Every structure is written in C-alpha cells, then in structure tokens.
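The opening residue of the sequence shown carries number 1023 in this note's numbering; numbering runs sequentially from there.
Every residue, glycine too, gets a C-beta built ideally from N, C-alpha and C.
Computed from a predicted structure; not experimentally measured.
Here the structure comes first, spelled out in structure tokens, and everything after it is commentary.
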Amino acid sequence: MLKRSKVPAKNIEMIEDFSEEMNNVVSGKIAFFRSTFIPYTKHVNFHSRCDYLQKLGALNRGKPQMGLRVLAPSGSGKSTAGLEYKALVDRRRGDSANTSSVLFLPLKAATTSKRLMVQILRKLGDPYPDRGTEETLTYRVMQYLERRGIELLIIDEVQHLNARSSANSDVTDTLKSFLDAGVVPIVFLGTDEGKDLFERNLQLNGRLLAPFDMPALDASKGEERDLFATFVHDLCAEMHNRQVFTQSNDLLTEDVLACLLEVSAGVIGRVSRLFEAATEIALRRSAQSLEVQDLLVAVDRWALQQNFAQRNPFRLLGAA
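Structure representation (structure tokens):
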C-alpha cells in the first residue's frame, strides 16, 4: 500500500550545467529514456486487439476486412503504442523496414481521401505518389499493399481525415470501400476530435470491431488510480534499471502521485514528458536520482508554460 507523507519540496542544489560536455551526457541518457517502452496495461491490451485484428485479416484475405477505432487524448501515448506494436511484430518475425507486415501511417493535417492515398503510396515507396486520379491512386495502393504483404494498416492522427475533396466526397466512404475490397484491416488512431468521422457514417461503423478508446484516467476511481501508480512505479524502476540514474528514487508516495495525476490530468503520455523534463534538470545538476524538486521545476518550466496545468501542486507539498 502506498504511504501517505508530507513530502517537502526541499531546497536542493539547482546549479545546472549547460556545457557542451554535459549536453553529450544528457542527450545520450534522454535518448535512452525515450527508447523505453513501459508496458502500461491499456497499451498492452491495445496490442492484443491489434494482434487479433491482424490475424483475423490474414485468415480472411480477399474478403471484407474489419477496422478498429482507438481514440484518446493528445499525449496519451497512443502513437507510441502503435509504433511499439509494429516493432514487436517486426522483431517477432525478423522483418526489416522493407518487409514489415505492419504499415504505420501518421497523417498530415486536412487529409482528403485522395491525399490519404498519396500519403500511403509515398510511405510504400511509390516514385510517383501524386500522379493520377483518386480512383487510380486507390487501385495502386491496393496493389502495393498486396505485393508488400501488408497485414495491418495503422492510420495515426485520424482526426485529420475530417476533410472532404468536394461536397460529394466523404473520406469515410473511401475508408468503407477500402475495407470492403478485402486488402487489409485498419486501425484508426486519433484524438476525440475524430469521433465525428465515425459517428457520421454508420456503414463504416458497421465494419469496425468494438471501439477501444483510451480516455484519460479518472482520479475518482480507485482502479484507475492504481493503474496510474503502477505506470509511475514501472517508469521509475526502468529508469533505474537502465542506469539513467545511479540511485533509485522515492517518488511513490500518495502525495507525489496525486500531484502527478493532477498535472497530467490522467493522461499517461504527459507523465512521461514531465519525467523527461525533470530528468534533464536532475542530470544537469549531476544528481544521483530524480527528486521531487526536479518534478516541481519541470512543472514550472514545461507543464505550466505549455498550458498543460493551471497550477503547480508540488509547491503545496511543504506548506500543508
């Protein structure tokens, strides 16, 4: 059980080293930190749904395929989870970038159905991705996907598909037809802004598995607070295991977790970004471990300045 203690935001030495030599050290460790994938329960379950969809599609090649909707707040780690699934499949099969059975496609803003086909062709290496009518481009996409042996298409930032080529052209109709053609199943990753994309076309919805949306964790629910605490614990443990710091930290108190939950608004990816900012601060002062004061300063510099939080709850820890 987590202990509850008043954790003072103690005054520690905050003289930071911004020299070129320290930049070499910090950039290396931050890159190492960024490469760490924490097996967060919701992301692991998301991988299971992707695996099921990919296997179901492979067994029904040439028949109408299914899709999966995954909507979550910005910064929730859905893109990272999608890329990690692709990496897991590639490692399991020994695939390279040119032989991967999973295609991960991050979309650009205001993507119409034609632009979607152009982006897929460009990702697949077509030398002339924007030449031809929408119908011609769609046909080439289907040929490419089949020749390359793509078994799962993951479209990221799907909210950018809320655009029309013309008054009579809705990208949802293109997606529906794409699934009906039986080439490949599709995972649709996006923010809640993409919900309208699915709500306005029930025929597309009829071709999707049950949604696997990942809303922000609710601090009022004990089970979700436990999920949050487990993620922070695993993140701290992995930082120590990978020797980002030489000593483990003591951040797993109820007070610190409550502050992290408030600042992140229950969005897991924001915790990772906050820890990254705090880790840089700690490394630049040559700390042996990450401390509460590093998180406090990181909230001031990162979360408040970029409007992720309205106040710094870490400043209240020593005042109670």
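With a cutoff of 8 Å on beta-carbon distance, D1152 and V1140 are scored as near each other. A straight line joining the alpha-carbon of G1097 with that of L1339 spans about 26 Å.
By the Cβ test, the segment 1239-1254 is not in contact with the segment 1126-1145, since fewer than three Cβ pairs between them sit closer than 8 Å.
Three or more Cβ pairs drawn from the segment 1077-1088 and the segment 1204-1222 lie within less than 8 Å of each other, which places the two stretches in contact. With a cut-off of 8 Å on Cβ pairs, the segment 1325-1333 is not in contact with the segment 1047-1066, counting fewer than three such pairs. If you look at R1337, you'll find it isn't in any alpha helix (DSSP H); DSSP assigns it neither H nor E. Where V1140 is concerned, there is no enclosing beta strand (DSSP E), although the alpha helix (DSSP H) around it starts and stops at S1135 to K1145. Taking C-alpha positions only, Q1181 is separated from L1305 by approximately 37 Å. Between V1092 and M1236, the beta carbon gap of about 7 Å places them in contact (Cβ cut-off 8 Å). In this structure, the alpha-carbon of D1178 lies about 29 Å from that of A1320. Rounded to whole angstroms, Y1166 and G1084 show a C-alpha spacing of 14 Å. Around R1114, the same chain offers no residue with a beta carbon nearer than 7 Å, after the five sequence neighbours per side are excluded. Look at L1090 here: in three-state DSSP terms it is strand.
Taking 8 Å as the cut-off, the Cβ atoms of K1108 and S1122 count as close. A direct Cα-Cα distance of roughly 13 Å separates L1174 from L1211. The Cβ neighbour count for F1054, taken over all protein chains shown within 10 Å, is under 16; the residue is labelled exposed. Per the C-alpha coordinates, the member of L1110, H1262 and E1302 positioned closest to S1070 is L1110. When secondary structure is reduced to three states using DSSP, F1126 falls in the strand class. For a cut-off of 8 Å, the C-beta gap from A1238 to P1095 is around 5 Å, short enough to register as a contact. Put simply, the backbone Cα of V1193 is about 21 Å away from that of F1234. For the 8 Å CB-CB criterion, L1090 and L1075 form a contact. Taken in chain order, the complete alpha helix (DSSP H) segments of 4 or more residues contained in the segment 1202-1260 are 1217-1221 and 1224-1227. A Cβ-Cβ distance of about 7 Å is found for the pair L1296 and L1317, placing them in contact under the 8 Å criterion. A1131 sits exposed, since fewer than 16 C-beta atoms from the chains shown fall within 10 Å of its C-beta. The beta carbon of D1202 sits closer than 6 Å to those of P1086, all from its chain and outside the five residues before and after it, given in chain order. Spanning the alpha carbons of A1259 and F1267 requires a straight line of approximately 10 Å. With a beta-carbon spacing of about 7 Å, V1254 and V1293 fall inside the 8 Å limit used to define contacts.
Looking only at D1195, R1169 and Q1315, the smallest Cα-Cα distance to D1148 is reached by R1169. Of all alpha-carbon atoms in L1127, L1129, N1263 and P1061, the one lying nearest the alpha-carbon of A1103 is that of P1061.
Between F1126 and I1172, the gap from beta carbon to beta carbon reaches 8 Å or more. Shown here for K1217: same chain residues with a beta carbon closer than 7 Å to its own, the five before and five after excluded, namely L1093 in chain order.
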